[in-house]
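Take a look at the structure set out below.
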Amino acid sequence: VVGGAGNLGKAVINAFRLQWAVANIDYSENKNAHHNIVLKSNADPDQQLENVKKTLTNFSPKFQAIVSVAGGFTLGDISDKDILSSTDKMLQMSLLSSIMTGNIATEFLDANSFLGFTGAATVVKENNFVIADYAVGYCLSKISVLHLATFLKDSPKLPTGTKVFTVNPTTMDLSLIHI
């Protein structure tokens, strides 16, 4: 579970661990995970990915599911003076973690397994993508995650029979999100 130390990640790990051994990949530990891979915020992302994969090899050669629930939420109107930094933050938290998840899946998913991502229902309306004016970076990052999942569902780089899915919540509990 990429992002297994956040609120959603903790819930996913608690559910999964009832039937499977679970690894958490995040910037902090989840004590309910069977194995933790703690990322460093200042590390080179490509080197960090390689370190994650080396550590995963010691945990299990193949997985039945790999899920990214990493993300977050930042406000940001296109006219805001800090729109670039708020968008960069969202891309780091949501899109890059999903790309990491997809890359890990190309090596570690077993045949007929599951690959999951967290999107957002608010960015899709009648098969079109929508950007809310109050959360430009958030919406762009979630649209990108949905595009990534669509691309990966037909990718020959994934094992045979991989089922790719997105969970697209319609509402958020803003009391749990630290803005």
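Residue numbers 7 to 185, in the working numbering, belong to the letters of the sequence shown in order. Here a beta-carbon is modelled for each residue, glycine too, at the ideal position from N, C-alpha and C. Computed from a predicted model, the values in this text were never measured in an experiment.
For Ala21, there is no enclosing beta strand (DSSP E); the enclosing alpha helix (DSSP H) has its first and last residue at 13-22.
Under the three-state reduction of DSSP output, Asn30 falls in the strand class. Taking 8 angstroms as the upper bound for CB-CB distance, Val75 and Val18 are in contact here, some 6 angstroms apart. Its Cα nearest to that of Ala49, the residue Tyr33 stands out among His41, Tyr33, Asn64. In the three-state scheme derived from DSSP, where H, G and I count as helix and E and B as strand, Asp52 is classed as helix. DSSP links Thr172 through a beta bridge to Phe123. The three-state secondary structure of Phe135, taken from DSSP, is strand. Between Val142 and Ile105, the gap from beta carbon to beta carbon reaches 7 angstroms or more.
With contacts defined by Cβ atoms closer than 7 angstroms, Asn42 and Asn30 form a contacting pair. When Ala27, Tyr144, Gly77, Lys159 are compared, the shortest CA-CA separation from Leu62 is found for Ala27. With 16 or more neighbouring CB atoms inside 10 Å of its own CB, Thr80 falls in the buried class. Nearest to Val44 by alpha-carbon distance, out of Val8, Pro175, Gln25, Pro165, is Val8. Non-local beta-carbon contacts of Leu121 in its own chain, meaning distances under 6 angstroms to residues more than five positions away in sequence, involve Ile72, Ala111, Thr168, Val170 in chain order. Looking at the DSSP output, Asn42 sits in a beta bridge with Asn30. Taking 7 angstroms as the cut-off, the Cβ atoms of Ser103 and Val151 do not count as close.
DSSP, reduced to helix, strand and coil, places Ala111 within a helical segment of the structure shown. If you look at Ile72, you'll find it in the beta strand (DSSP E) that goes 69-73. If you ignore the 5 residues before and after Asn36, its C-beta comes within less than 7 angstroms of the C-beta of Gly10, Ala11, Gly15, Lys16, Ile19, Asn30, Asn42, all in its own chain and listed in chain order. One alpha carbon belongs to Asn134, the other to Thr172, and they sit about 16 angstroms apart.
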